[in-house]
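> Numbering (the numbering used here), first residue to last: 139 to 301. Even glycine gets a Cβ: it sits at the ideal position worked out from N, Cα and C. Computed from a prediction, not measured in an experiment: that's the story for all the values here.
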């Protein structure tokens, strides 16, 4: 299948390929602000069931867990969160409240770059696809309390781009 170079749709939606490079940061900010809305509405605690039911306990107790138990839990997110709480000296609930919007922004940004560079879609098509992904309820539901899955998807999209 031959790819079209510089279609009218592509030029109308974005304008140039140069702007297409910076749309990733636009999707990061869009995802960050969109995901921050529920966090701002719920003042004290992070949004999501798993966030308060499982993540807080697992992050606090991560340092005292043995290697076998640690590897049973898919520990990358817990490791990053545990180290962040120790280095930044912040409460686990505060960290989870801040990291939710940041991780969703990173997921939206990595998805845009996955469409643009991984699947080699045109800028306009990748923009529309990323908008659909960013604004749909399923993606937001994922970001509310499935941080480990969200981190895994972000790393997967980034790895595919770099291959």
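Taking DSSP as the reference, what is the three-state secondary structure of residue 229?
To locate residue 229, count along the chain shown from 1; it is residue 91. Coil.
> Run through DSSP, which three-state label would residue 173 get?
On the chain shown, residue 173 is found 35 positions in, with the first residue counted as 1. DSSP places residue 173 in helix when its eight states are reduced to three.
> Near residue 282, what residues of its chain come up, given a Cβ to Cβ distance below 6 Å and the 5 sequence neighbours on each side ignored?
In the chain shown, residue 282 corresponds to position 144, counting from 1. Excluding residues within five positions, the ones whose Cβ falls inside 6 Å are 185, 186.
> Please give me, in chain order, every unbroken run of the alpha helix (DSSP H) with length at least 4 that falls completely inside the segment 222-276.
Counting whole runs of 4 or more residues, the segment 222-276 contains the alpha helix (DSSP H) stretches 230-251, 261-273.
> Measure the Cβ-Cβ separation of residue 272 and residue 247 and say whether it is below 7 Å.
Walking along the chain shown from the start, residue 272 turns up at place 134. Walking along the chain shown from the start, residue 247 turns up at place 109. No, they are not a contact pair.
> Roughly how many whole angstroms lie between the Cα atoms of residue 149 and residue 227?
Along the chain shown, read from residue 1 onward, the residue named residue 149 stands at position 11. Along the chain shown, read from residue 1 onward, the residue named residue 227 stands at position 89. Caution applies to residue 149, whose pLDDT of 47 falls short of 50 and renders its modelled position unreliable; the model cannot decide the point.
> Which residue wins for smallest C-alpha separation from residue 180, given the options 165, 287, 234?
The sequence position of residue 180 within the chain shown is 42, counting from 1. Minimum Cα distance to residue 180 is reached at 234.
> How would you call residue 153, buried or exposed, if buried means at least 16 neighbouring beta carbons within 10 angstroms?
For the purposes of this step, residue 153 is taken as residue 15 along the chain shown, with counting starting at 1. Confidence is the limiting factor: at residue 153 the pLDDT is only 48, short of 50, which leaves the residue's position unreliable, though a coordinate-based value still follows. When all chains shown are included, residue 153 counts as exposed.
> According to DSSP, is residue 180 part of a helix, a strand, or is it coil?
Here residue 180 is taken as the residue at index 42 of the chain shown, counted from 1. Note: residue 180 maps to coil in three-state DSSP.
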